[in-house]
Amino acid sequence: MKNKTKILEVNNVFSGYGETEILHGVSIVIYENEIVTIIGPNGCGKSTLMKTIFGLLRATSGNIDFLIDNKLTTINNFDTENLIKQGLSYVPQSDNVFPSLSIEENLEMGSFIKEEGMAESIESMYELFPVLKEKRNDPASQLSGGQRQMLAFARAMMLKPKLIILDEPSAGLAPNLVNSVFETILTIHKAGVAVLMVEQNAKAALERSNRGYVLATGENKAEGTGKSLLKNKEIASLYLGGK
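The numbering of the sequence shown is this note's numbering, which starts it at -16 and goes up by one.
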């Protein structure tokens, strides 16, 4: 993409759990201020890829490069704390808030690496997500599923990341809450943050994405704009519930 800055480049990455290899040479690119969705069947390696990018799993081969100080830098051996400091945030599928802590305390936990400017960051999150400000002293356990995800996203944004990784953001939510979660993702994007997400609700995710990738059996199978993937009859049949 001309005149676009790469923020993340995953090149021919192999990864897995112990002796079990899940990813077999996956490659993706994310540009600044993009929303990119990865879709594919269960067990195809989507979440494994997210965890490998974020340093929770190690790539056994291939490179992961992230934009640091205006140049792509290999981050294969970075630990998660260092990645957060460099502007990469990750929201796991579950256990992504502290239910017994208040909303404000959850946001404070999002700034544990760097307390300087915490109050300002919290206020900026309240401006983005006014409902959190209204409930700032309530325990997170009292939030709806959609509001919990909003809090998880806000906590991940406390250190002003360049890229936020979302693993199945709408998983387990009632259908009427799914749209609110995707609206929250668009709010993040409008704030100037690139978004990389794995999502089973592929149609809703691709409708809101600049580009997408299809994985199957741990390998790249297709890529394109969100719109082009939605119009692809084979992909629609296999992954979007189409005919």
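Even for Gly, the Cβ is constructed at its ideal location relative to N, Cα and C. These numbers come from a predicted model, not from an experiment.
Environment of residue i [buried if 16+ CB atoms lie within 10 Å]
i: S153; result: buried
i: A157; result: exposed
i: Q125; result: exposed
i: L(-9); result: buried
i: E17; result: buried
i: M92; result: exposed
i: G201; result: buried
i: S77; result: exposed
i: T56; result: exposed
i: G38; result: buried
Terminal residues of the beta strand (DSSP E) in which residue i lies
i: N79; result: That residue, N79, is in no beta strand (DSSP E); it is neither H nor E in DSSP.
i: V178; result: A177 to V181
i: S72; result: L71 to V74
Cβ neighbours of residue i in the same chain (closer than 7 Å, five flanking residues each side left out)
i: Q183; result: E151 and A154
i: L160; result: S127, G128 and G129
i: N203; result: V9, S10 and Y196
Alpha-carbon to alpha-carbon, residue j and residue i
i: S85; j: E103; result: 18 Å
i: V229; j: I96; result: For the chain, the structure presents residues -16 to 226; residue 229 sits outside this window and is missing.
i: K34; j: L40; result: 6 Å
i: E166; j: N59; result: 32 Å
i: Y222; j: G23; result: 6 Å
i: C27; j: A199; result: 5 Å
i: I218; j: S192; result: 16 Å
i: I168; j: D62; result: 26 Å
i: S227; j: N120; result: With the chain covering -16 to 226 only, the question about residue 227 has no answer from this structure.
i: N162; j: A187; result: 8 Å
i: K214; j: G100; result: 45 Å
i: K118; j: I105; result: 13 Å
i: N53; j: N65; result: 17 Å
Beta-carbon contacts of residue i that lie in its chain and below 6 Å, excluding the five residues immediately before and after
i: K226; result: Residue placement at K226 cannot be trusted, given a pLDDT of 42 that sits under 50; the coordinates are not used to answer.
i: G209; result: L189, S192 and G195
i: L50; result: I(-10)
i: E206; result: Y196
Endpoints, the alpha helix (DSSP H) within which residue i is located
i: N162; result: P158 to K173
i: F49; result: That residue, F49, is in no alpha helix (DSSP H); its beta strand (DSSP E) goes S44 to I51.
i: K34; result: K29 to I36
Sequence-distant residues of its chain with Cβ nearer than 8 Å to residue i (five each side left out)
i: A123; result: V80, F81, P82, S83, L84, S85, I86, N89, R131 and L134
i: V12; result: K(-11), L(-9), E(-8) and V(-7)
i: I47; result: L(-9), E(-8), V(-7), N(-6), V(-4), T35, I36, T57, I58 and N59
### Task
Report yes or no: do three or more beta-carbon pairs, one from the segment 139 to 153 and one from the segment 167 to 180, lie closer than 8 Å?
yes
### Query
Below 8 Å, can you find three or more Cβ-Cβ pairs linking the segment 67 to 77 to the segment -5 to 10?
no
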